[in-house]
Every structure is written in C-alpha cells, then in structure tokens.
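S.K.: Position one of the sequence shown corresponds to residue 480 (our numbering), numbered consecutively onward.
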Amino acid sequence: MKLVIFGPPSAGKGTQAQKLAQRYGIPQVATGDLLRKAVAEKTPLGLKVKEYLDKGKLGPDDLIVKVISERVSKPDCKKGYILDGFPRTMGQAKALDKMTEVDLVMNIVVDLDELVERAVGRRTCLKCGAVYHVKFNPPMNEGICENCGLKLIQRDDDKEDTVRNRLKVYHEQTAPLIEYYRQKGKLVDIVGGGGIEVVFAQMVKAISQIKQRASPGHGGL
Ligand code: ADP
Ligand code: ZN
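(1) Tell me whether the segment 643-653 and the segment 484-491 touch, counting them as touching only if at least three CB pairs, one residue from each stretch, are closer than 8 Å.
(2) Within 10 Å of its beta-carbon, does Arg692 have 16 or more other beta-carbons around it, so buried, or fewer, so exposed?
(3) Taking only runs that begin and end inside the segment 578-618, name each unbroken alpha helix (DSSP H) of 4 or more residues, in chain order.
(4) Counting C-beta neighbours from all protein chains within 10 Å, is the total for Val683 16 or more, i.e. buried, or is it exposed?
(5) Would Val546 pass as a contact of Gly671 if the rule is Cβ separation under 7 Å?
(6) Looking at the secondary structure, which residues open and close the beta strand (DSSP E) in which Phe485 lies?
(7) Considering only the alpha carbon of each residue, which of Lys638, Leu631, Ala572 and Gln497 lies closest to Lys663?
(8) At a cut of 8 Å, does the segment 538-558 reach the segment 573-583 through at least three beta carbon pairs?
(9) Please state the DSSP three-state secondary structure of Gln497.
(10) Use the C-beta contact count for Cys627: other C-beta atoms within 10 angstroms, 16 or more gives buried, fewer gives exposed.
(11) What are the boundary residues of the alpha helix (DSSP H) that Ala509 is part of?
(12) If you count every other CB in all the chains shown that lies within 10 Å of the CB of His650, and 16 or more means buried, which is it?
(13) If you reduce the DSSP assignment to three classes, tell me which class Lys516 lands in.
(14) Here's the rule I'm using: 16 or more other beta-carbon atoms within 10 Å means buried, otherwise exposed. How should Gly622 be labelled?
(15) What residue range does the alpha helix (DSSP H) around Asp540 cover?
(16) In this structure, how does DSSP classify Leu526 when only helix, strand and coil are distinguished?
(17) Could you spell out where the alpha helix (DSSP H) holding Leu646 opens and where it closes?
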C-alpha cells in the first residue's frame, strides 16, 4: 500500500503519517526529516539543501527525487510506505509516476490561521522525528520526546516569517498537484481542522474503502 499525505505546511501530515505507520506497519517516508537529518549531520546532501531549508524554499527536484527513490528502495518499504512531504512540485509528481503507482493521496485541508498557530507551537524530536505541539499535543514531560527522552527543538523554519513564506510556496508550487491527483481519481479530501484522532479516523476510513475496491472479499492491498 502506497499512500501520499498531502497538505500545506503544519496541516498535520507528519502527525498522521506516524499514526498510519503504526497502524499499518509500513514506514513513514518524511522528506523533511530526511533532509533535516542530513543538514544536522552535515552530509554532502545536507550541505547542498541547508540554504533552501533555512529560507523555507523547496530543494531542487533532482536532488529530492534521488533522496526519495533511494529511501523507498530499502527493504522496509517492500510492503508499501507513506510519503509525507513528497511530491511537492509537478516535476516531483511526474518523477513519482515513473517510480511507482500510488494507491491514495490524502489531502489535509486546514485554515490559514490554524496552520500558523500549529507551526509556531510545533516541537520536533530530531532523532526519531516525533512531532508534538505545546498546546494541542504536548509530550508527557514538557520539552522531552516520549520515544527517546531527548530534548525537543523548535525547527528553524517554524518561525512565523518562514512559516508564511512556506505557505506561499505551497500555494504556488504544491497546491496545483491537488488537481493533478484529483483528475487521476486518487485524491480524497480530509477535513484537518478537528483533533488528531478525528482526522485519523477519516484517513482510516478512506484507506479501508480503497482496500475494499482493490480486492473485494479479501484482505486488500
Ligand atoms: P506537517 O507534517 O503537515 O507539517 P505536523 O504533523 O508536524 O504537520 O503538525 C503541525 C503541528 O500541529 C504539530 O505541532 C502537531 O502537533 C500539531 N497538530 C497536528 N495535527 C493536529 C490537529 N489535528 N489538531 C491540532 N494540532 C495538530
Ligand atoms: Zn524522539
């Protein structure tokens, strides 16, 4: 099962992708996490993409496509995966078409003001990629990751200015992909304004519908 989670920055893609990964036993492939990790570790890739991330810009398509295609060819992706933060441009979507056929694209829809509030309050674990929110989803111990006990950080690109810039980039370059996938019949809209569990329930329902379609009477994909 190959899923794409779509939506503007801080709509809840990572949060939902992590829950889906647990539920269905397939990995979350989070472009942002892969890139931020490369930056933190100062790998050759990290050095190339750092300036883009810092400004809230998208990295060059060829580089991002390479990162993703390497990641999804690892053994843990054999049964499927959840793409979170990819594709973000039409060029990336076309490259993905050449790589594989995705089963479902879930488009999380959230109001602008809510997006800014979510981004500014977001706290992230650099080690495991877990996401929290100071108000909407606080960790058990303030500022500490529940999975690995490490100190949570506020991402550099979660400052309000950068957030607004990322939202602008989203509307220019990524939002057009919604129509692209809608026309292919792959897209389902998810109302993202509710709580985390409410959003998750919509996704589980959408997935069970495509599973039924894929093999009526069987386990599905
Ligand atoms: P994305 O991956 O789309 O950028 P995240 O999953 O990191 O978004 O979520 C952005 C922020 O909003 C995080 O701080 C997260 O804890 C919080 N969040 C996610 N989903 C919800 C929700 N349904 N209601 C309130 N806050 C949410
Ligand atoms: Zn962690």
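Note that the Cβ used here is the ideal one computed from N, Cα and C, for glycine as well.
M.R.: Concretely, from the data shown:
(1) Segments in contact, yes.
(2) Within the sequence shown, the letter at position 213 stands for residue 692. That one is exposed.
(3) If only complete runs of 4 or more residues are kept, the segment 578-618 shows the alpha helix (DSSP H) at 591-599, in order along the chain.
(4) Start at 1 with the first residue of the sequence shown, and residue 683 comes out as number 204. That one is exposed.
(5) Position 67 of the sequence shown holds residue 546. Position 192 of the sequence shown holds residue 671. Taking 7 Å as the Cβ cut-off, Val546 and Gly671 do not qualify as a contacting pair.
(6) Against the sequence shown, residue 485 aligns to sequence position 6. Per DSSP, the continuous beta strand (DSSP E) segment holding Phe485 begins and ends at Lys481 to Phe485.
(7) Here residue 663 refers to the residue found at position 184 when the sequence shown is read from its first residue. Out of Lys638, Leu631, Ala572 and Gln497, the CA that lies nearest to the CA of Lys663 is found in Ala572.
(8) In short, these stretches touch, since the Cβ pair count reaches three.
(9) One-based indexing of the sequence shown puts residue 497 at position 18. Gln497: helix per DSSP, three-state reduction.
(10) By 1-based counting over the sequence shown, the position of residue 627 is 148. The residue is exposed, with fewer than 16 neighbouring Cβ atoms inside 10 Å.
(11) On the sequence shown, residue 509 is found 30 positions in, with the first residue counted as 1. That residue, Ala509, is in no alpha helix (DSSP H); its beta strand (DSSP E) goes Gln507 to Ala509.
(12) As a position in the sequence shown, residue 650 is number 171, starting the count at 1. Answer is exposed; the Cβ neighbour count stays below 16.
(13) The residue given as residue 516 occupies position 37 in the sequence shown. In the three-state scheme derived from DSSP, where H, G and I count as helix and E and B as strand, Lys516 is classed as helix.
(14) Walking along the sequence shown from the start, residue 622 turns up at place 143. Its Cβ having fewer than 16 others within 10 Å, Gly622 is exposed.
(15) Reading the sequence shown from its first residue, position 61 is the one you call residue 540. Where Asp540 is concerned, the enclosing alpha helix (DSSP H) stretches over Asp540 to Val551.
(16) Here residue 526 corresponds to residue number 47 of the sequence shown, with the count starting at 1. In this structure, Leu526 counts as helix in the three-state DSSP scheme.
(17) As a working note, residue 646 is residue 167 in the sequence shown. Residues Glu639 to Val648.
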